[in-house]
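If you count by mature numbering (1 follows the signal peptide of the UniProt record, and there is no 0), then the sequence shown holds residues -20 to -1, 1 to 146, one letter each, in order.
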Amino acid sequence: MAATRLLLLSILLTAFQAQSGELVLSQDLALDYAEPKLISHSSTTLILKYDDWSLSHRVVDSTAIYPKINLSGIEEVYLHSIFLPARRDSLPKWLQVLAEEQARQFGLPEGQVVEETVGNAKILGTYNQQNEEGYLYIFDRVAIHQMTIAGTEKQYKELIRNIRER
């Protein structure tokens, strides 16, 4: 009887491990994720596709956020300012306007801003209910990560919960 339970537990654990994964974001951060239907990598974007939702990840390139605009050195302040309007005051007027426009595209100020900390990393984001899309920026000590989810708010919140320290 005990051997049967041990065997059953072993099978369940093996099945669980086969259905989940760990995406290493940096030496300090990881994302636990359920086994996707499809994993695709195109150029600088990693896409995890599920039956009814998808997740994309990329490391932010300050020279490619907007065509012909190089945000090198101010990308962190700029990205913060999209979610935290008080941060816009330190930016040139034209960049403040751009941040306001980007905030509207993300569904702000109607959407609620997510502001969390995982270890030394800061997470900023929002979920746009109208478009059923969530946007996350993870600021760690080495890079800025952008994650976009096309799915429900519940899936978006689960994504945030699955970001952890390594």
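The beta carbon of each residue, even a glycine, is placed where N, CA and C say it ideally should be.
Checklist entry - Which class does Glu138 belong to by DSSP, given the choice of helix, strand or coil? => result helix
Item to check | Bridge partner(s) assigned by DSSP for Arg38 | outcome: Gln126
Next on the checklist: Suppose the cutoff is 6 Å on Cβ atoms and the five residues either side in sequence are ignored; what does the same chain contact list for Ile45 look like?
Outcome noted: Leu51
Checklist entry - Quick one, are the C-beta atoms of Ser6 and Asp120 less than 8 Å apart? => result yes
Checklist entry - For Ile49, does the count of other Cβ atoms within 10 angstroms reach 16, so buried, or fall short, so exposed? => result exposed
Checklist entry - How many Å lie between Ala130 and Glu81 at the Cα? => result 21 Å
Item to check | Per DSSP, the bridge partner or partners of Phe119 | outcome: Lys102, Ile124
Item to check | Collapsed DSSP secondary structure at Asp12 in the structure displayed | outcome: strand
Checklist entry - If you draw a straight line from the alpha carbon of Leu11 to that of Gln76, how long is it in whole angstroms? => result 32 Å
Checklist entry - Which residue or residues does DSSP assign as beta-bridge partners of residue 151? => result The chain is shown from -20 up to 146; residue 151 falls before or after that span and cannot be answered.
Checklist entry - When DSSP labels each residue in this structure, what does Lys17 get in the three-state scheme? => result coil
Item to check | Contacts around Glu55, its chain only, beta-carbon distance under 6 Å, and the 5 residues preceding and following it disregarded | outcome: Ser42
Checklist entry - Can you tell me whether Leu18 is buried or exposed, with buried defined as 16 or more other CB within 10 angstroms of its CB? => result exposed
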